[in-house]
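Worksheet: one structure, shown below.
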Amino acid sequence: MSSATLAPASPASTTAPPAPASHGRRRRLQHRSVIATILLAVLLLFFLLPILYLFSVSLMGQNETGQGVLVSPNPQWTNWSDVLTQSNLLLSILNSLIAAIGGALITLLFALPAAWAIVRYRTGGSTLSATIMSPWLLPPIVAVVPLFTLLRIAGLNNTLLGLTVLYGLMNIPVGIWLLEGFMRKLPRELDEAAKLDGAGAFRVLVSIVTPLVAPAVVAIGIIVAILNYNEFLLATFIAPGKDTQTLPVLLSLFYGERTPHYGKIAAASIIGVIPVYAAAVLGQRWLVGGLTSGAVK
Amino acid sequence: MADAALTVRPRRPRGQSRREAWAHRLFVTPSVLTLLILGLYPLLFIIAAALSESTLGKPFQSWVGADTLAAVLGDADTVAAFLRTVVYALGVSLASLVLGVVVALALQSAVRGGSLVRTLVLLPMFMPPVVVGTLWKLVYNSGGGLLATVVGFFGGDRQAVAPLSSTSWAMPAIGLADVWEWTPLVALLVFTALVAQDHEIVEAARLDGAHGFRLFWSVTLPSIAGVLAAAFFIRLVLAFKVFDLVFMMTSGGPGQATTTSSYEIYQAVFREFDVGKAAAITLVLAVIVTIVTIPVALITRRLQANHE
């Protein structure tokens with residue numbers, strides 16, 4: 006508040022831009038925040054226009070794409086119904102959801118105790134956390150062939166179960182990393198009091214720690230599930246079969262058709278994005294805290 | 305945070321029983337096993353494959369020593385792909401960092417920067433990369449995509465706009481899609497740091513006459529430097545992983561113009577079935593990624609420690 010009252014004294018705000026200042030109320034606004042608002046609008050356009058364009062293309066006929074048409078004068082909703090009924094789109098979305106949510110649950114199950122032991126008891130010393138994180142640094146293509154071989158030996162090749170387990174294990178480092186930030190903030194007194202009352206390590210984790218970090222657990226669950234839902238590289242090698250293919254795998258195949266129908270590709274893309282966007286919007290309250298916990302300390 | 309733990313000494317409290325310590329070890333066991341399966345095992349597999357004659361069907365046929373590695377390092381195309389990957393990762397990360405800071409500052413000082421706007425800005429990063437690739441391929445569509453139409457609107461030649469079929473523009477075009485996708489993450493991290501800034505210090509600096517760029521440079525920037533470094537580090541790691549965008553938008557072309565190392569490894573495995581060559585490229589790539597990211601990680605740690 007005080008910045009607003011002090012601002013007129015600063016030279017930056019004395020030269021208000023004439024155009025947006027026509028409104029009576031706006032005149033009082035700082036020069037700086039007017040520029041920021043215009044800038045934000047331009048940036049918002051940069052981030053949203055491509056998504057709106059994808060939607061627009063999803064309603065275009067075969068001959069309209071690539072012809073300089075921005076919005077079809079004759080929207081083809083049949084693109085949407087065609088991809089829903091004539092392709093494996095719904096099955097692939099279901100596969101993606103199973104692998105994404107199942108994987109997220111496995112990740113949380115393992116990451117929660119590990120993050121707790123690392124943060125509070127320094128189990129494994131100061132290097133364990135960094136060591137567990139290290140495979141995440143390398144491009145995943147690095148591990149495709151060895152993991153492919155391993156899953157073939159285990160008989161989990163081309164199954165949704167194999168992919169789900171792989172996703173679950175793969176994201177444990179990210180889960181630990183994000184959870185650590187939240188667990189450090191827990192006051193020591195709480196779990197020490199529980200311990201004095203005779204609660205064992207497992208009991209402390211389940212009845213004291215987990216409820217306290219529940220919002221973080223929700224946030225990290227959503228983040229990891231979105232990462233899984235969007236994953237393409239491993240899914241295309243490990244579960245490429247018609248019954249097990251996930252959404253990104255199915256979408257990648259659309260371009261391979263002899264005459265790709267851009268309108269239908271766009272429609273399938275939009276439909277496939279809906280579950281993630283729904284999760285992101287519904288979970289935004291928790292998401293922001295979860296996304297920033299690892300880097301902003 | 306690390307400092308606080310150090311002053312209390314890293315030793316466990318004396319009263320803690322042996323049983324407790326074992327329980328804590330049990331807590332980390334699944335994660336450590338995972339590290340062995342998903343980290344150590346692939347590493348050993350790749351080292352063995354790089355040093356032997358290996359195909360997708362039959363790995364480890366015969367020992368060839370460092371021959372494959374030497375061949376890979378002597379191959380001009382492969383070396384060019386390494387160089388392309390590093391330049392791409394650094395360029396894209398730097399662009400995301402600068403744009404992310406601009407977005408965060410705009411969000412902080414704009415009249416309307418509520419939670420709805422913040423959620424809208426985040427939408428690109430939740431989109432599957434395969435869809436991001438599809439989307440930008442449509443935007444760049446030669447002759448009549450969004451980009452060409454906009455260029456045509458401003459009087460340019462619509463037919464001349466075909467960035468994905470130009471050897472010099474294809475890589476920057478993929479880079480723009482990558483920046484579009486991941487800048488929101490950087491913006492979110494920086495925005496959170498800006499909000500968490502000590503407002504009394506900012507006010508004090510303002511009373512002393514600092515404002516605008518000077519305020520940002522001498523007060524705000526030092527206080528968010530740790531987060532900036534962390535965001536750059538995360539961004540760099542993500543940029544080195546780029547595969548889906550190349551796969552969807554250009555398949556490595558035109559020519560070799562967008563063949564990054566990840567894509568080259570993919571080609572070696574699934575087009576040539578030469579796992580030995582792929583493993584050798586993988587090993588060199590792992591070394592390069594480590595060399596590039598470790599200094600950034602160290603700077604990050606240092607800046608974050610300074611801040612505390």
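For the protein sequence lines, the chains are H and S, in the order given.
For the first sequence, our numbering begins at 6 and goes up steadily by one.
For the second sequence, our numbering begins at 305 and goes up steadily by one.
In this text, a Cβ means the ideal position worked out from N, Cα and C, and glycines have one as well.
Q. Going along the chain, which residues of its own chain have a beta-carbon closer than 7 Å to the beta-carbon of Ala477/S, five neighbours each way excluded?
A. Translated into the one-based positions of the second sequence, residue 477/S becomes position 173. Closer than 7 Å at the Cβ level, and outside the excluded window around Ala477/S, lie Tyr444, Pro467, Leu468.
Q. Whose C-beta lies closer than 6 Å to the C-beta of Ser101/H among residues of the same chain, with five residues either side of it excluded?
A. Counting from 1 along the first sequence, the entry for residue 101/H is found at position 96. Tyr234, Thr251, Leu252.
Q: Answer with buried or exposed for Ala285/H, where buried requires no fewer than 16 other C-beta atoms within 10 angstroms of its C-beta.
A: On the first sequence, position 280 is the one that residue 285/H refers to. So Ala285/H counts as buried.
Q: Note down the Cα distance separating Leu442/S from Asp248/H, rounded to an integer number of angstroms.
A: Position 138 of the second sequence, counted from the start, is the residue given in the question as residue 442/S. Position 243 of the first sequence, counted from the start, is the residue given in the question as residue 248/H. The straight-line gap from Cα to Cα measures roughly 28 Å.
Q) Is Val223/H closer than 8 Å to Trp291/H when the C-beta atoms are compared? A) Within the first sequence, residue 291/H is the residue found at index 286, counting from 1. Within the first sequence, residue 223/H is the residue found at index 218, counting from 1. Cβ atoms of Trp291/H and Val223/H: closer than 8 Å.
Q) Which term fits Ala374/S, buried or exposed, when burial requires 16 or more other beta carbons within 10 angstroms of its beta carbon? A) The sequence position of residue 374/S within the second sequence is 70, counting from 1. The residue in question, Ala374/S, is exposed, as its Cβ has fewer than 16 Cβ neighbours within 10 Å.
Q: Using a Cβ-Cβ cut-off of less than 8 Å, list which residues of the segment 133-157 of chain H approach chain S; keep chain order.
A: Leu133, Thr136, Ile137, Ser139, Pro140, Trp141, Leu142, Leu143, Pro144, Pro145, Ile146, Val147, Ala148, Val149, Val150, Pro151, Leu152, Thr154, Leu155
Q. Looking at the C-beta of Glu504/S, does it have a partner C-beta in chain H at a distance below 8 Å?
A. Here the question's residue 504/S lines up with position 200 in the second sequence. It does not: the Cβ of Glu504/S has no partner Cβ on chain H nearer than 8 Å.
Q: Could you please tell me which residues of the segment 553-565 of chain S, in chain order, have their CB closer than 8 Å to any CB of chain H?
A: Ser565
Q: Using a cut-off of 9 Å between C-beta atoms, extract the partners of Arg329/S located in chain H.
A: Working through the second sequence from its first residue, we reach residue 329/S at position 25. In chain order: Ala122, Thr128, Gly129.
Q.
Taking the straight line between their C-alpha atoms, what separation do you get for His28/H and Ala410/S?
A. The residue you call residue 28/H lines up with position 23 of the first sequence. The residue you call residue 410/S lines up with position 106 of the second sequence. Model confidence at His28/H stands at a pLDDT of 47, short of 50, so the residue's coordinates are unreliable and nothing is read from them.
Q) If you pair each beta-carbon of the segment 578-586 of chain S with each one of the segment 340-357 of chain S, do three or more pairs fall below 8 Å? A) yes
Q: Run the CB neighbour count on Val383/S, radius 10 Å, all protein chains shown included, and call it buried at 16 or more, exposed below.
A: Stepping through the second sequence from its first residue, residue 383/S is reached at position 79. With fewer than 16 Cβ atoms within 10 Å of its Cβ, Val383/S is classed as exposed.
Q. Can at least three beta-carbon pairs, one atom from the segment 492-508 of chain S and one from the segment 586-593 of chain S, be found at a separation below 8 Å?
A. no
Q: List the residues of chain S that Gln81/H touches, going by C-beta distances under 9 Å, in chain order.
A: By 1-based counting over the first sequence, the position of residue 81/H is 76. Residues of chain S passing the Cβ test: none, with the nearest at roughly 15 Å.
Q. From Ala327/S, Asp482/S, Thr471/S, pick the residue whose C-alpha is nearest to that of Ser266/S; which is it?
A. Missing from the structure shown is residue 266/S; chain S here goes from 305 to 612 and no further.
Q: Quick one: grab the DSSP three-state call for Trp121/H.
A: Position 116 of the first sequence, counted from the first residue, corresponds to residue 121/H. If DSSP states are grouped into helix, strand and coil, Trp121/H belongs with the helices.
Q. What runs of the alpha helix (DSSP H), each 4 residues or longer, lie entirely inside the segment 496-528 of chain S?
A. 503-511, 516-519
Q. Which residues mark the beginning and the end of the alpha helix (DSSP H) in which Val149/H is found?
A. Walking along the first sequence from the start, residue 149/H turns up at place 144. Counting along the chain, the alpha helix (DSSP H) containing Val149/H begins and ends at 146-159.
Q) Count the other CB atoms within 10 Å of the CB of Phe517/S; is the residue buried (16 or more) or exposed (fewer)? A) Along the second sequence, read from residue 1 onward, the residue named residue 517/S stands at position 213. Exposed, by the Cβ-count rule.
Q | Residue interval of the alpha helix (DSSP H) (run including Ala352/S) | A | For the purposes of this step, residue 352/S is taken as the residue at position 48 of the second sequence. Start and end: 345-354.
Q.
Rounded to the nearest angstrom, what separates Gly5/H and Ile40/H at their Cα positions?
A. Not covered by the structure: residue 5/H. The range shown for chain H is 6 to 302.
Q) Does any CB atom of chain H fall closer than 8 Å to the CB of Glu357/S? A) What you label residue 357/S is simply residue 53 of the second sequence in a count that begins at 1. Cβ-Cβ to chain H under 8 Å: no for Glu357/S.
Q: Have a look at Pro216/H and Ala240/H and give me their C-alpha separation to the nearest angstrom.
A: Translated into positions along the first sequence, residue 216/H becomes position 211. Translated into positions along the first sequence, residue 240/H becomes position 235. In a straight line, the C-alpha of Pro216/H is about 33 Å away from that of Ala240/H.
Q. Along chain H, which residues have their Cβ under 7 Å away from the Cβ of Thr372/S?
A. Translated into the one-based positions of the second sequence, residue 372/S becomes position 68. The contacting residues do not exist; Thr372/S stays about 14 Å from chain H at best.
Q. Buried or exposed: where does Pro78/H fall if 16 or more other Cβ atoms within 10 Å of its Cβ makes it buried?
A. Residue mapping note: residue 78/H aligns to position 73 of the first sequence, counting from 1. By the neighbour-count rule (16 or more Cβ atoms within 10 Å), Pro78/H is not buried but exposed.
**Q.** Own chain, CB closer than 7 Å to Gln81/H, minus 5 neighbours either side, in chain order
**A.** Along the first sequence, read from residue 1 onward, the residue named residue 81/H stands at position 76. So the list reads Leu64, Met65, Gly66, Gly268, once near-sequence residues are dropped.
(Q) Please return the same chain residues whose Cβ sits closer than 7 Å to the Cβ of Asp381/S, not counting the five positions on each side in sequence. (A) Counting from 1 along the second sequence, the entry for residue 381/S is found at position 77. Same-chain partners within the cutoff: Gln560.
Q.
I need the DSSP call for Ser212/H, collapsed to helix, strand or coil.
A. Within the first sequence, residue 212/H is the residue found at index 207, counting from 1. Helix, per DSSP.
Q: Give me the Cβ distance between Ser647/S and Ala583/S, rounded to the nearest whole Å; I'm assuming they're in contact under 8 Å.
A: Nothing in the structure corresponds to residue 647/S, since chain S is present only between 305 and 612.
Q: Can you give me, in chain order, the residues of the segment 170-200 of chain H that have a beta carbon less than 7 Å from any beta carbon in chain S?
A: Leu174, Met175, Ile177, Ile181, Arg189
(Q) Closest to Ile603/S by C-alpha separation, out of Lys545/S, Ala534/S, Thr586/S, would be which residue? (A) By one-based count along the second sequence, residue 603/S stands at place 299. Cα-wise, what sits closest to Ile603/S is Ala534/S.
Q) Looking at Thr297/H and Thr496/S, is the spacing between their C-beta atoms short of 8 Å? A) Residue numbering aside, residue 496/S sits at position 192 when the second sequence is read from its first letter. Residue numbering aside, residue 297/H sits at position 292 when the first sequence is read from its first letter. The answer is yes: Cβ separation under 8 Å.
Q | Short CB-CB distance (under 8 Å) between Ile56/H and chain S | A | Here residue 56/H is taken as the residue at index 51 of the first sequence, counted from 1. Ile56/H counts as touching chain S.
Q) At a Cβ threshold of 8 Å, is Gly288/H touching chain S? A) Against the first sequence, residue 288/H aligns to sequence position 283. Chain S contact via Cβ: absent.
Q) For Pro599/S, does the count of other Cβ atoms within 10 angstroms reach 16, so buried, or fall short, so exposed? A) On the second sequence, position 295 is the one that residue 599/S refers to. Classification for Pro599/S: exposed.
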